[in-house]
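Residue numbers (the UniProt record's numbering): 1 to 234.
For every residue, glycine included, the Cβ atom is placed at its ideal position computed from N, Cα and C.
Working notes, beginning with the structure itself.
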């Protein structure tokens, strides 16, 4: 039986956020599996064993990537999906591009006050001085968007993941992936968890877990049988 290993990272609790989806959603999916009702038999992937591991990272420029890289080296995953939180979002944000820039004054997750307290890197400088200006995701975004639409999950493409820890992690991850033969990786931002009906911001926890499940399923499907039609960069 073929084995496919998936690592999904999130972040430790954010300041001022009671329920952090980037912490809770990966944990829930790792517990439930690709089929919540029967993890041992994954529909559509006969003969393939898919394992999902959730990892929580510190909200730190230096420590976040170090922790993820340590786990990558230990697990040797086929798919790595990093996740974060975008408080102002209505739905799921599929990040297209990681930029070689840090600007901790404008912290993506917690705002300027949070960035000032937690920044361990100077403002407005490249993540890697000799690195390229950007890296594109390796997730099949077109296929994921189609799956979200079929399941009525609000979502959108995002041009980049900001300039704070999320983007720094995304950039370092994609730089590592650029040296791998067959590894898929990318970054997904969740909105806040809201159980209200038709909220202005956020989505219910169950819907966010289902969205994460669809991202993993589509990535596994693409890993098994790549198709250019499922990739969307611009």
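Check your understanding: Nearest CA to the CA of residue 151: which residue from 191, 214, 193, 220?
Key -> 214
Review point. Rounded C-beta distance between residue 219 and residue 184? I'm assuming under 8 Å.
Key: 5 Å
**Study point:** Buried versus exposed, by CB contacts within 10 Å (16 or more), residue 225
**Key:** exposed
**Study point:** Own chain, CB closer than 6 Å to residue 187, minus 5 neighbours either side, in chain order
**Key:** 82, 95, 161, 170
Review point. Cα-Cα, which of 216, 217, 209 is closest to residue 261?
Key: Given that the chain is displayed from residue 1 to residue 234, the structure contains no residue 261 and the question cannot be resolved.
Practice item. Say whether chain D places a C-beta atom closer than 8 Å to the C-beta of residue 61. Key: Absence of chain D from the displayed structure is noted, only one protein chain being present.
Exercise for review: Look at the alpha carbon of residue 228 and the alpha carbon of residue 138, and state the distance between them as a whole number of angstroms.
Suggested key: 11 Å
Practice item. Taking the CB atoms as reference points, tell me whether residue 191 and residue 89 lie closer together than 8 Å. Key: yes
Point to revise | Under 8 Å between C-beta atoms of residue 173 and residue 80 | key: yes
Check your understanding: Going by beta carbon distance, what residues of the same chain come within less than 7 Å of residue 126, once the five residues before and after it are set aside?
Key -> 100, 101
Check your understanding: Mapping DSSP to helix, strand and coil, what is residue 29?
Key -> helix
Review point. What residue from 47, 58, 69 has the CA that sits closest to residue 176's CA?
Key: 69
Exercise for review: Grab the span of the alpha helix (DSSP H) containing residue 172 for me, first residue to last.
Suggested key: 165-177
Review point. So, is residue 140 buried or exposed, given that buried needs 16 or more other C-beta atoms within 10 angstroms?
Key: buried
Practice item. Pull up the distance between the alpha-carbon of residue 28 and that of residue 132, whole angstroms please. Key: 35 Å
Review point. Of the choices 9, 142, 48, whose alpha-carbon is the least far from that of residue 1?
Key: 48
Check your understanding: In chain order, what residues of the same chain lie with their CB nearer than 8 Å to the CB of residue 223, ignoring the 5 residues before and after it?
Key -> 4, 78, 79, 182, 184
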